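A.B. asks: This is the structure I have questions about; it appears just below.
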Amino acid sequence: MPRPGTAAIFGSFLRLGITAFGGPAMVAHIKEMSVKRNGWLTEETFKDGVVICQSMPGATAMQMAAYVGLRVAGVRGAIASYAGFGLPAFLLMLTLAVFYSGSRELPLVVSLFQGLQVMVVAIVANATFRFGRDVGKKPEDLVLAGVAAALFWLGVSPFAVIVGAAIAGALLFRGPALPPSFTKKEGDAGKVPRPIVVFMLLACAGVAGLYFADRKLYQIAALMLRIDLFAFGGGFASLPLMFHEVVNAMGWMDGKTFMDGIALGQVTPGPIIITATFVGYLVRGFPGALVATAAIFTPSFVVLVAVTPFFDRLKSGRHFFGATRGILASFVGLLFYMTIRFAVA
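Structure representation (structure tokens):
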């Protein structure tokens, strides 16, 4: 079957993104489109992508969209699929943020969001349970989760907690090195695609430009970049980091407003981290929403594209297995802490 161009890839993922409800469950729909319906990838290549995306930071469904585009049409294909899949969620969340900003004091809207906050507590509690069920295989995992929750409660930066958990995991969990399975394509082995290097340089230049042009936008960009870079385990892993930075550290909004953003993130298609658009708009209007959205998706995209050629070598290392396991265990604790905070808000 002829390989599609970037416009066709963008259009296909745009249509998929309009109905992208369910977060990680969308991976099955991406597989249906790219493997079964269009024949762009083989079953084995798609499975390799799932392993890669689950091991990298960022929202799994968004990462899988980028992976498919990358395998089909290189970096340009990855950008097309990533942008197409995420655009509907951004536009809808931006619309909802504008509505929320202008009407959140109305009694009817206040009552509505009070009800939605109960839903948010249930959603985060369920995410904590699912993380704990998948990660908490041994007592050491639960100990790491408990220590992470306690440190977060004491006000320790979650980024420091995650780094510490990665080091502890690398020392505690030296599991078996995984056998090679990544299906390499010509030109993949040991080489970072040149376009992604250019993309990284442009992104760095953009952030540097914000520092001099608008300090508030720079703060938003730096904050969201940092959150996405550390958000291993899917979109929900970004929530405790975003909560700490936006509510506790920066004081840009209170906990209840942040919960409203999560609620809106759940009723829009796409990953829960689209909450960043809501935060950006409330802090700095449309420019803030645009910068926050770009920043929350850029690091994980760059990591995916840059690491994919090296992934077989990376996953065969025993320390990689342990560090990833430690990070995921720490997110159980961080999500548990956030569940308690939301429940008493």
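Residue numbers for the sequence shown follow this note's numbering, beginning at 532 and rising by one.
Ideal Cβ placement from N, Cα and C applies to all residues, glycine included.
Here the structure is a predicted model, which is why all the values come from computation and not from measurement.
Taking C-beta to C-beta, are L865 and A679 nearer than 7 angstroms?
C.D. replies: Yes, the pair counts as a contact, with Cβ atoms nearer than the cut-off.
A.B. asks: When DSSP labels each residue in this structure, what does P724 get in the three-state scheme?
C.D. replies: P724 falls in the coil class under three-state DSSP.
A.B. asks: Tell me whether the beta-carbon of T808 lies closer than 7 angstroms to the beta-carbon of F621.
C.D. replies: Yes, they are a contact pair.
A.B. asks: Compare the beta carbon distance of G681 and T870 with 7 angstroms and say whether it is the shorter of the two.
C.D. replies: Checking the sequence, you will find Ala at residue 681 rather than Gly. Cβ distance not < 7 angstroms, so A681 and T870 don't count as in contact.
A.B. asks: Below 7 angstroms between beta carbons: does that hold for L637 and L795?
C.D. replies: Contact: no.
A.B. asks: Can you give the Cα-Cα distance for E717 and T576, rounded to whole angstroms?
C.D. replies: Confidence at E717 is low in this model, with a pLDDT of 39, below 50, so its placement is unreliable and no value can be given for it.
A.B. asks: Tell me, please, which residues DSSP counts as bridged to P588.
C.D. replies: Answer by DSSP bridge pairing, in chain order: F763.
A.B. asks: Just tell me which of V729, M781, G677 has its CA closest to the CA of I858.
C.D. replies: Minimum Cα distance to I858 is reached at G677.
A.B. asks: Can you have a look at L702 and say buried or exposed, based on whether 16 or more other CB atoms are within 10 angstroms of its CB?
C.D. replies: So L702 ends up on the exposed side.
A.B. asks: Express the C-alpha separation of R568 and F842 in angstroms, rounding to a whole number.
C.D. replies: Taking the straight line joining both Cα atoms gives about 27 angstroms.
A.B. asks: Pick out the complete alpha helix (DSSP H) segments inside the region 550-624, 4 residues or longer, and give them in chain order.
C.D. replies: The region 550-624 contains these whole alpha helix (DSSP H) runs: 557-562, 574-586.
A.B. asks: Determine the burial state of A739: buried for a count of at least 16 other Cβ atoms within 10 Å of its Cβ, exposed for fewer.
C.D. replies: Looking at its Cβ environment, which holds fewer than 16 other Cβ atoms inside 10 Å, A739 is exposed.
A.B. asks: Determine the closest residue to T550 out of T799, F851, M731, V641, with distance taken between C-alpha atoms.
C.D. replies: Looking at the Cα atoms, T799 is the closest of the given residues.
A.B. asks: Could you compute how far the alpha carbon of K715 sits from the alpha carbon of T839?
C.D. replies: Its pLDDT being 48, under 50, K715 is placed unreliably by the model, and the measurement read from it follows with that caveat. If I take the Cα positions, the gap works out to 9 angstroms.
A.B. asks: Taking Q648 as the reference, give the member of E563, A762, Q797 with the closest Cα.
C.D. replies: Ranking E563, A762, Q797 by Cα distance to Q648 puts Q797 first.
A.B. asks: Tell me whether L813 sits in a helix, a strand or coil according to DSSP, three-state version.
C.D. replies: Here L813 sits in helix by DSSP.
A.B. asks: Please confirm whether G786 has its beta-carbon closer than 7 angstroms to some beta-carbon of chain B.
C.D. replies: Reference to chain B is not applicable here, since this structure consists of a single protein chain.
A.B. asks: Apart from the five residues just before and just after A611, which ones in its own chain have a Cβ nearer than 6 angstroms to its Cβ?
C.D. replies: The residues are T537, I540, F541, G600.
A.B. asks: Starting from A680, trace the alpha helix (DSSP H) in both directions and tell me its first and last residue.
C.D. replies: Run containing A680: 670-684, per the alpha helix (DSSP H) assignment.
A.B. asks: Apart from the five residues on each side of it in sequence, which residues of its chain come closer than 7 angstroms, Cβ to Cβ, to Q884?
C.D. replies: Past the edges of the chain, shown from 532 to 876, lies residue 884, and the structure says nothing about it.
A.B. asks: Report the residue from L623, P619, W571, L770 whose alpha carbon sits nearest the alpha carbon of Y598.
C.D. replies: Closest option to Y598, Cα to Cα, is W571.
A.B. asks: I need the straight-line Cα distance from G589 to L754, nearest angstrom please.
C.D. replies: Distance between the alpha carbons of G589 and L754: 15 angstroms.
A.B. asks: So, G663 versus V814, is the Cβ gap smaller than 7 angstroms?
C.D. replies: Cβ distance not < 7 angstroms, so G663 and V814 don't count as in contact.
A.B. asks: Count the other C-beta atoms from every protein chain shown that fall within 10 angstroms of the C-beta of D665, then say buried if there are 16 or more, exposed otherwise.
C.D. replies: Exposed, because fewer than 16 other Cβ atoms sit within 10 Å of the Cβ of D665.
A.B. asks: Assuming I793 and L770 are in contact, meaning their beta carbons sit under 8 angstroms apart, how far apart are those beta carbons, in whole angstroms?
C.D. replies: I793 to L770, Cβ: 7 angstroms. Contact.
A.B. asks: Taking Cβ positions, are F867 and V652 nearer each other than 7 angstroms?
C.D. replies: Contact flag unset, no.
A.B. asks: Please determine, among S565, M624, L623, the residue with the shortest C-alpha to C-alpha distance to M595.
C.D. replies: When only C-alpha atoms are compared, the closest one is S565.
A.B. asks: Please identify the residue among F552, A837, T806 whose C-alpha is closest to the C-alpha of I827.
C.D. replies: Looking at the Cα atoms, T806 is the closest of the given residues.
A.B. asks: Reducing DSSP to helix, strand and coil, say where T799 ends up.
C.D. replies: Of the three classes helix, strand and coil, the one that applies to T799 here is coil, per DSSP.
A.B. asks: List the whole-angstrom C-beta distance separating F767 from I803, where the pair is believed to meet the contact cut-off of C-beta under 8 angstroms.
C.D. replies: So it is a contact: roughly 6 angstroms between Cβ atoms.
A.B. asks: What separation, rounded to the nearest whole angstrom, lies between the Cα atoms of M557 and R746?
C.D. replies: In a straight line, the C-alpha of M557 is about 36 angstroms away from that of R746.
A.B. asks: With 16 other CB atoms within 10 Å as the buried threshold, where does D759 fall?
C.D. replies: By the 10 Å Cβ count, D759 comes out buried.
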